[in-house]
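Peer 1: Got a structure here, written out as structure tokens. Questions coming.
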Amino acid sequence: MLVLQHMIRWIVPLAAVGAALGQAPAVDPRFDVSSVKRCESNARSGGIRITPGTFSAVCLTVKFLMQVAYAPSPDASVPISGGSAWIDSDPYNIQAKAESNPSRQTMSGPMLQALLAERFKLRVHRESKEVPVYELRIAKNGSKLQAFQEGSCTPPDAAKPGRPAKGPPDCGSFSIGLKGANVSLDVHKRTLAEFANQLHLDRPVIDKTGLAGLFDFHLEFSPDGTTAGFFPPGFALPALPDAGVSIFTAIQEQLGLRLEPARGPGETIVIDSVERPSED
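Numbering (the working numbering), first residue to last: 1 to 280.
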């Protein structure tokens, strides 16, 4: 994290003032207990589960966990460079607990960053530079977007996580599954900029449509190397005979938009150092 050098001289005096007034200095949130173990080689890839006060990751790589920890939002991705090859191949199981009841965002963000720093000795810095991107633009024949309709989704209720199997989808939800020979992607009540962040392709996607408002999105496409970021590392799709169209064609034909390769501003997480953990 970059800190302006001329601001450093203010940090100690302000902390001292807080101590003099009986105020504890701010402390980065951390898990109280954590366990890290190498995933069994024959275990199936899992994912992340967060419940009140607990964080669990099953068979995930350090690089995937970094995406979760450092992405600007749960739906976005961030380029990562540096590090050894094992961070993208060796899967780990992580169990962590907090005495308090921090939010999901806190556990999957700053608390996971602190865990990676402590258990994997991960040290990073951020660099801003021009990177390869895709620009999301309106296709030649115009947009086919479906405007969001009030009542078509259920507002999320923090006090009641999850929802019944039947009924309208959650507002703001992102779901992905298999439909015949294709991957089916559904996103509800999102802006174009938010939808662009949810397209986990081989490059960041930037909204250049100029379209305002909220929309529902439905896409069906054939997965390939470009769309590998939609799935956890090691996730094996079943054999899909008669595969359908690429995500580029699907976005153009089904949404009336197009993805154009370009270069644009982006932030990269650069790994300065990382070590295999001591397991417990």
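The C-beta atom is built at its ideal place from N, Cα and C for all residues, glycine as well.
As the structure is a prediction and not an experimental result, all values here were calculated from the model.
1) Just to confirm my understanding: we take Ile247, look at its own chain, exclude 5 residues before and 5 after, and list those with CB closer than 6 Å. What are they?
2) Do Asp284 and His218 have their C-beta atoms closer together than 7 Å?
3) Please list the terminal residues of the continuous beta strand (DSSP E) segment that includes Gln95.
4) Alpha carbon to alpha carbon, what distance is there between Ala196 and Leu136?
5) Is the beta carbon of Phe215 less than 7 Å from the beta carbon of Phe174?
6) Enumerate in chain order the residues of its own chain whose CB-to-CB distance from Asn101 is below 8 Å, with the five nearest sequence positions on each side excluded.
7) Over the uninterrupted beta strand (DSSP E) stretch that includes Arg49, give me the two end residues.
8) Decide if Ser129 is buried, meaning its Cβ has at least 16 other Cβ atoms within 10 Å, or exposed.
9) Mapping the DSSP letters down to three states, classify Ser108 as helix, strand or coil.
10) Rounded to a whole number of angstroms, what is the C-alpha to C-alpha distance between His200 and Ser184?
11) How many Å lie between Gly162 and Met111 at the Cα?
12) According to DSSP, what are the bridge partners of Lys129?
13) Among Leu60, Ile50, Asp32, which one has its Cα closest to the Cα of Glu40?
14) Sorted by chain position, which residues of the same chain lie with C-beta nearer than 8 Å to Glu279's C-beta, five sequence neighbours on each side aside?
15) Would you report the Cα separation of Leu255 and Glu267, rounded to the nearest angstrom?
16) Measuring alpha carbon to alpha carbon, tell me which of Ser77, Ile271, Leu145, Ile48 ends up nearest Asn93.
17) Ser152 to Gly172, Cα distance in whole Å?
18) Output the distance between the C-alpha atoms of Phe120 and Gly213, rounded to the nearest integer angstrom.
19) Let me make sure I understand the geometry here. Which of Phe64, Gly109, Ser108 has the alpha-carbon closest to that of Asp88?
20) Residue range of the alpha helix (DSSP H) that His250 falls in?
21) Under three-state DSSP, which class holds Val78?
22) In terms of DSSP beta bridges, what is Phe215 paired with?
23) Kindly indicate which three-state DSSP category Val274 falls into: helix, strand or coil?
24) Taking the CB atoms as reference points, tell me whether Gln113 and Ala69 lie closer together than 7 Å.
25) Can you find the residues in the same chain that come closer than 6 Å, C-beta to C-beta, to Gln252, ignoring five residues on each side of it along the sequence?
26) Take Val304 and list the residues in its own chain whose beta-carbon comes closer than 6 Å to its own, dropping the five residues that flank it on each side.
27) With burial defined as no fewer than 16 other Cβ atoms inside 10 Å of the residue's Cβ, what is the status of Pro265: buried or exposed?
Peer 2: Straight from the coordinates:
1) Position 247 of the sequence shown, counted from the first residue, corresponds to residue 247. Within the same chain, Ile247 has close Cβ partners Phe221, Thr227.
2) The structure shown has nothing for residue 284, since the chain only spans 1 to 280.
3) Taking the first residue of the sequence shown as position 1, residue 95 is located at position 95. Gln95: member of the beta strand (DSSP E) spanning 91 to 97, first to last residue.
4) Here residue 136 refers to the residue found at position 136 of the sequence shown. Here residue 196 refers to the residue found at position 196 of the sequence shown. The alpha-carbon atoms of Leu136 and Ala196 are separated by roughly 7 Å.
5) For the purposes of this step, residue 215 is taken as the residue at position 215 of the sequence shown. For the purposes of this step, residue 174 is taken as the residue at position 174 of the sequence shown. Phe174 sits away from Phe215, with the two beta carbons spaced by 7 Å or more.
6) By one-based count along the sequence shown, residue 101 stands at place 101. Only Pro52, Gly53 meet the Cβ criterion.
7) For the purposes of this step, residue 49 is taken as the residue at position 49 of the sequence shown. Residue range 48 to 51 is occupied by the beta strand (DSSP E) that includes Arg49.
8) Residue numbering aside, residue 129 sits at position 129 when the sequence shown is read from its first letter. The amino acid at residue 129 is misidentified as Ser; the sequence shows Lys. Burial call: exposed.
9) The residue given as residue 108 occupies position 108 in the sequence shown. Helix at Ser108.
10) Start at 1 with the first residue of the sequence shown, and residue 200 comes out as number 200. Start at 1 with the first residue of the sequence shown, and residue 184 comes out as number 184. His200 and Ser184 have their C-alpha atoms spaced approximately 14 Å apart.
11) If you number the sequence shown from 1, residue 162 lands on position 162. If you number the sequence shown from 1, residue 111 lands on position 111. Only weak support exists for where Gly162 lies, its pLDDT of 48 falling under 50; the value from the coordinates is given anyway. Rounded to the nearest whole angstrom, the CA to CA distance from Gly162 to Met111 is 23 Å.
12) Position 129 of the sequence shown, counted from the first residue, corresponds to residue 129. DSSP output for Lys129 lists Gly266 as bridge partner(s).
13) Locating residue 40 in the sequence shown gives position 40, counting from the first residue. Ranking Leu60, Ile50, Asp32 by Cα distance to Glu40 puts Leu60 first.
14) The residue you call residue 279 lines up with position 279 of the sequence shown. Contacts found: Val36, Lys37, Arg38.
15) Sequence index remark: in the sequence shown, residue 255 carries index 255 (1-based). Sequence index remark: in the sequence shown, residue 267 carries index 267 (1-based). When rounded, the distance between both Cα atoms is 28 Å.
16) Start at 1 with the first residue of the sequence shown, and residue 93 comes out as number 93. It is Ile48 whose Cα lies nearest to the Cα of Asn93.
17) Within the sequence shown, numbered from 1, the residue matching residue 152 stands at position 152. Within the sequence shown, numbered from 1, the residue matching residue 172 stands at position 172. About 11 Å.
18) Within the sequence shown, residue 120 is the residue found at index 120, counting from 1. Within the sequence shown, residue 213 is the residue found at index 213, counting from 1. Distance between the alpha carbons of Phe120 and Gly213 is about 42 Å.
19) Your numbering for residue 88 matches position 88 in the sequence shown. Distances from the CA of Asp88 to each of Phe64, Gly109, Ser108 were compared; the closest alpha carbon is that of Phe64.
20) Position 250 of the sequence shown holds residue 250. As written in the sequence, residue 250 is Ala, which differs from the His given in the question. That run of the alpha helix (DSSP H) goes 247 to 255.
21) Taking the first residue of the sequence shown as position 1, residue 78 is located at position 78. Looking at Val78 - three-state DSSP - the assignment turns out to be coil, as it is neither helix nor strand.
22) On the sequence shown, position 215 is the one that residue 215 refers to. Here Phe215 is bridged, per DSSP, to Ala147, Arg190.
23) Translated into the one-based positions of the sequence shown, residue 274 becomes position 274. It is coil, neither helix nor strand.
24) Residue numbering aside, residue 113 sits at position 113 when the sequence shown is read from its first letter. Residue numbering aside, residue 69 sits at position 69 when the sequence shown is read from its first letter. Cβ atoms of Gln113 and Ala69: closer than 7 Å.
25) To locate residue 252, count along the sequence shown from 1; it is residue 252. Apart from the 5 residues on each side of it in sequence, Gln252 sits with its Cβ closer than 6 Å to the Cβ of Ala139, Arg258 in its chain, given in chain order.
26) This structure leaves residue 304 out entirely; the chain is present only between 1 and 280.
27) As a working note, residue 265 is residue 265 in the sequence shown. Result: exposed.
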